[in-house]
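Student: Take this structure, written in structure tokens, and hold onto it; I'll ask about it next.
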Amino acid sequence: MNNIFLSLLNIETASEIKYQDYIEKFKQKRNYDEDPLYWLFKDNEGNLSQFHNVDLQKKINLEHSDIPVFRELHSDILLELLSTSNIFPKVIDILCYCHETIENSHSILPVLKAKKKIGLKSSLPFSIGHAGSLNSAIAIELAIALLNGNYENFLLTIVDSVIPPFSRFSFNGYIKGDGATSILLNKNKGDYKVKDVKIYPSSLNKDLSNWGIEEYLESEKLIIAKYKDLLDDINSSKNSVKFVLYQNLSNKVDGKLEEINSNISLNTIKRLRYAEVNLLGSDIFYSLKELEEKNILVAGDVILLVSASIDHGIAGIVLEKT
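Just so we're aligned: the sequence shown equals residues 19 to 340 in this note's numbering.
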């Protein structure tokens, strides 16, 4: 693999609301909103009730009740993200929009709206979805392939905002918060060198709409097993990993991954802000940003970013500080 470099350009922070306030608004909006999303949800509510049941959420006693929530459309969040990313539109060869959640308006394609509004006439736009929080790893794999050709700058954007009728909680996983991130990948320079990308899909042979708590717990076990496979592959590649930052998925997964790391003397870094919030596609990059702000990274430090989704699997991105 030729050298590909990565730089964090911008992290958009959503405004915070109290969890109980969110629950009340969730209930009110679900009762009267006529958006097509709600009709679709209504048709499937019986199947999805365990994953998106506000009454189940009310029973959760959260110690950290503040959650980051965007109020704008996904496409408007994307436009704001791009406007503050300090990169000239003319140098963007590829604009990639990653999302785990969906746009409130069914008639808007955020990446095409951004291309038109910002005037990215010569840029190639595309979206990556339906891969949970693994979308950034998939995007980086694509960037590696494309940047080894004639392209130079690959702008990776990640926008997630959970909107009713979809809830922010499923079984014993951490509450889901909103996040947005912009990342520049190119073949000339950057804050990190991309050393490796590994993706390990995992899913049960059962439709997600029919999952109960048993399936969720089984999927947690699969994530933990895949993490061991990831570490075996990373170690076999002789990457001297100094720091491991992994997705905030659930308390159980946190504990198991930290135990595995401790047994092989890997240094686990846990995010302090939103320590028990899953920021979906942006989660690992919020953690990387917090690590950067500690000013402890030096050239040559190797960092393993681990993204995970309960219904999609796990991915590892190995970066070396330049």
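Even for Gly, the Cβ is constructed at its ideal location relative to N, Cα and C. In this text, all values refer to a predicted model and were calculated from it rather than measured experimentally.
Around the C-beta of V336, are 16 or more other C-beta atoms found within 10 angstroms, so that it is buried, or is it exposed?
Tutor: buried
Student: Going by the DSSP bridge assignment, what does D178 pair with across the sheet?
Tutor: G197
Student: Around the Cβ of K108, are there at least 16 other Cβ atoms within 10 angstroms (buried) or fewer (exposed)?
Tutor: When all chains shown are included, K108 counts as exposed.
Student: Which same chain residues, not among the five before or five after I126, have their C-beta less than 6 angstroms away from its C-beta?
Tutor: So the list reads S93, once near-sequence residues are dropped.
Student: Q265 and S325 - do their beta-carbons sit closer together than 7 angstroms?
Tutor: yes
Student: Short check: CB of G197 to CB of S300, under 7 angstroms?
Tutor: The Cβ atoms of G197 and S300 sit closer than 7 angstroms to each other.
Student: Going residue by residue through the region 208 to 271, where are the continuous beta strand (DSSP E) segments of at least 3 residues, counting only ones entirely within it?
Tutor: With a minimum length of 3 residues, the continuous beta strand (DSSP E) runs that stay inside the region 208 to 271 are 210 to 219, 261 to 264.
Student: According to the Cβ coordinates, are G191 and I85 closer than 7 angstroms?
Tutor: no
Student: With contact counted as at least three CB pairs below 8 angstroms, one residue from each stretch, are the region 155 to 168 and the region 201 to 213 in contact?
Tutor: yes
Student: Considering only DSSP beta bridges, list what E118 is partnered with.
Tutor: BP columns for E118 are empty, so no partner.
Student: Is the beta carbon of V262 sitting closer than 7 angstroms to the one on L284?
Tutor: yes
Student: Report the partner residues of P128 according to the DSSP bridge assignment.
Tutor: Paired residues: none, contrary to the question.
Student: Just tell me which of E294, T340, N296, I282 has its CA closest to the CA of I252.
Tutor: I282
Student: Specify, as a first and last residue, the run of the alpha helix (DSSP H) that E34 falls within.
Tutor: Element bounds for E34: not the alpha helix (DSSP H) but the beta strand (DSSP E), 33 to 36.
Student: Determine the extent of the alpha helix (DSSP H) in which K307 is found, giving its start and end residues.
Tutor: Looking at the DSSP string, the run of the alpha helix (DSSP H) that includes K307 is 301 to 311.
Student: Would you verify that the beta carbon of P128 is, or is not, closer than 7 angstroms to some beta carbon of chain B?
Tutor: Of the protein chains in the structure, only one exists, and it is not chain B.
Student: For R89, count the other beta carbons within 10 Å of its own beta carbon; 16 or more makes it buried, fewer makes it exposed. Which is it?
Tutor: exposed
Student: Taking the C-alpha atoms as reference points, what is the distance between Y218 and V87?
Tutor: 30 angstroms
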